[in-house]
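*Asks:* In mature numbering (1 follows the signal peptide of the UniProt record, and there is no 0), the protein residues as written are -26 to -1, 1 to 502. Think of the CB as a built atom: it goes at the ideal place given N, C-alpha and C, for glycine as much as any other residue.
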């Protein structure tokens, strides 16, 4: 019987992995985070779940057909298919910065833009504003990893993601040419499996160390642990394992193709809880196994947990579909208070705000000078800098806001006119002192007009007109403005505490990525 039970568990595990893998490939799924083409022959060049521009976006702007795939800074970029490198340079042709062209044969040529200059891997080109566009001109004599004449395949790293060329966020500009003309990559790849988010960056979760496929990595990790547990002789746990795996498979099948993110969350969280429960049960078993009551209780507890854990998340998944709730965000918000912040290293914090991110503390002298100049609290201006850029002087939003305080060029022009500043240009907003001066002045205007931090923060984000309509006429604020107002107000209220729960929530909600980008940029600035 022992052998039979172990074989059943092993078959279930193997079946789970095979189900996951075949489902992924059959539906044009993912391999190590890279989307597979509809016919299964090609791969998108980078591990990514975010399509930040599609062919319609590019063509609508008068550009070539292409897709932008958001990825973390320096993520490896691989060839779509086997071929020979025809071009590898940093001459910024087509505003693609450093780029590689691969001739894949049969009239197909693929282009990979905005890559890292590998001759200067620690050099980030400065921002140049041309009209409404942000361009980082690489050194013309640079080049990506691949060299002209190299033979490459789908696993060959030809470059790394960077910020060269016309771009405001880290991504790969990917073009497929057919007989010398760009064609829509969507003809070959089902990009509906990606999350479309115009000009959005991605988080560090999107790496090739983690499968995008909702189930594969979790199933593999769980297989290893289950095999070790079964092999250790704890056979009474096998019912727990078998029932839990069956329910998880049913949940996965139920959700796959309907609410992929819901299925992903159900399986990931269920597997984690199954493993955690198994670990706790083993610890309890080791302590009370000699008690008379434990023999019957352990079976009942195992069966209950086997059904309860997956059933709860199946119910959550159904509830999410019925109500339209994004349970990925719901689950994230649920665990926010448990997330501990890991600070940066090496930048002294002289602000008096113990939890100030190091990338913001770096600018404390400039923040203090600008705030004092216009009569606002330095800590409040620092809170604005946190939420706007986390101290990245080269941050540019999709709407065109620039710098540490994310001043809109149009707003800056109005401020310059009010203050009689001659020689103002939008390009000067990337200067940290200049940007802080304008941001502090604008913040002082809102404090004078509205009198409170919460209303001034809302006006800073949504505009004084929006906040005025809210206060006087009851017109609802945009969701973004409400979130922004609450972030800034929370940070301000916690300025004298040793830690900031609001900062932890902001970091978990996406702010950590902004701080990581700030840390990358600050490498080009002198230490303090």
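Could you tell me which of 354, 158 and 116 sits nearest to residue 72, measuring between CA atoms?
*Replies:* Nearest C-alpha to residue 72: 116.
*Asks:* Residue 77 lies in the beta strand (DSSP E); which residues open and close that run?
*Replies:* Residue 77 -> beta strand (DSSP E) spans 72 to 79.
*Asks:* Give me the residue from 381, 78, 394 and 79 with the minimum Cα distance to residue 407.
*Replies:* Measuring from the Cα of residue 407, the nearest candidate turns out to be 381.
*Asks:* Does residue 403 come out as helix, strand or coil in the three-state DSSP assignment?
*Replies:* Here residue 403 sits in helix by DSSP.
*Asks:* Do residue 350 and residue 260 have their C-beta atoms closer together than 8 angstroms?
*Replies:* Cβ distance not < 8 angstroms, so residue 350 and residue 260 don't count as in contact.
*Asks:* Of all the options 435, 336, 399 and 340, which has the alpha carbon lying nearest to the alpha carbon of residue 361?
*Replies:* Checking every option, the nearest Cα to that of residue 361 belongs to 435.
*Asks:* Any idea if residue 267 is buried or exposed, counting beta-carbon neighbours within 10 angstroms, 16 or more meaning buried?
*Replies:* Flag for residue 267 reads exposed.
*Asks:* Quick one: which unbroken alpha helix (DSSP H) runs of 4-plus residues sit fully inside the region 316 to 384? Chain order, please.
*Replies:* List check, alpha helix (DSSP H) in window: 332 to 335, 338 to 348 and 352 to 363.
*Asks:* What are the boundary residues of the alpha helix (DSSP H) that includes residue 455?
*Replies:* Its alpha helix (DSSP H) spans residues 453 to 467.
*Asks:* Can you give me the Cβ contacts of residue 401 inside the same chain, cut-off strictly under 6 angstroms, excluding the 5 residues immediately before and after it?
*Replies:* Only 103 meet the Cβ criterion.
*Asks:* Which residue wins for smallest C-alpha separation from residue 111, given the options 128, 32, 90 and 134?
*Replies:* The shortest Cα separation from residue 111 among 128, 32, 90 and 134 belongs to 90.
*Asks:* Who are residue 170's beta bridge partners in DSSP?
*Replies:* Partner(s): 25.
*Asks:* Using CA coordinates, which residue listed in 450, 62 and 130 is at the minimum distance from residue 122?
*Replies:* Taking only the C-alpha atoms, the option nearest residue 122 is 62.
*Asks:* Check the C-beta distance from residue 11 over to residue 88 and give it rounded, since I have them as a contact under 8 angstroms.
*Replies:* 22 angstroms between Cβ atoms; not a contact.
*Asks:* Rounded to whole angstroms, what's the CA-CA distance from residue 485 to residue 262? Just pull it up for me.
*Replies:* C-alpha separation (whole angstroms): 45 angstroms.
*Asks:* What do you get for residue 17, buried or exposed, if any count of 16 or more other CB atoms within 10 angstroms of its CB means buried?
*Replies:* Answer is buried; the Cβ neighbour count reaches 16.
*Asks:* Report yes if the CB atom of residue 411 is closer than 8 angstroms to the CB atom of residue 347, and no otherwise.
*Replies:* Yes, the pair counts as a contact, with Cβ atoms nearer than the cut-off.
*Asks:* Going by C-alpha distance, which of 138, 34, 469 and 375 is nearest residue 47?
*Replies:* That would be 138, whose Cα lies nearest to the Cα of residue 47.
*Asks:* Helix or strand or just coil, what does DSSP make of residue 498?
*Replies:* Of the three classes helix, strand and coil, the one that applies to residue 498 here is coil, per DSSP.
*Asks:* Rank 140, 101, 459 and 23 by C-alpha distance to the C-alpha of residue 163 and give the top, closest one.
*Replies:* Among 140, 101, 459 and 23, the Cα nearest to that of residue 163 is on 23.
*Asks:* Determine contact between the region 41 to 57 and the region 138 to 153, defined as no fewer than three beta-carbon pairs at a distance below 8 angstroms.
*Replies:* With the cut-off at 8 angstroms, the region 41 to 57 and the region 138 to 153 touch.
*Asks:* Taking the C-alpha atoms as reference points, what is the distance between residue 254 and residue 264?
*Replies:* About 17 angstroms.
*Asks:* Looking only at its own chain, which residues have a Cβ that is under 7 angstroms from the Cβ of residue 441, when we skip the five neighbours before and after it?
*Replies:* Contacts found: 424, 429, 432 and 433.
*Asks:* Kindly indicate which residue of 81, 462, 330 and 60 has the alpha-carbon position closest to the one of residue 126.
*Replies:* Minimum Cα distance to residue 126 is reached at 60.
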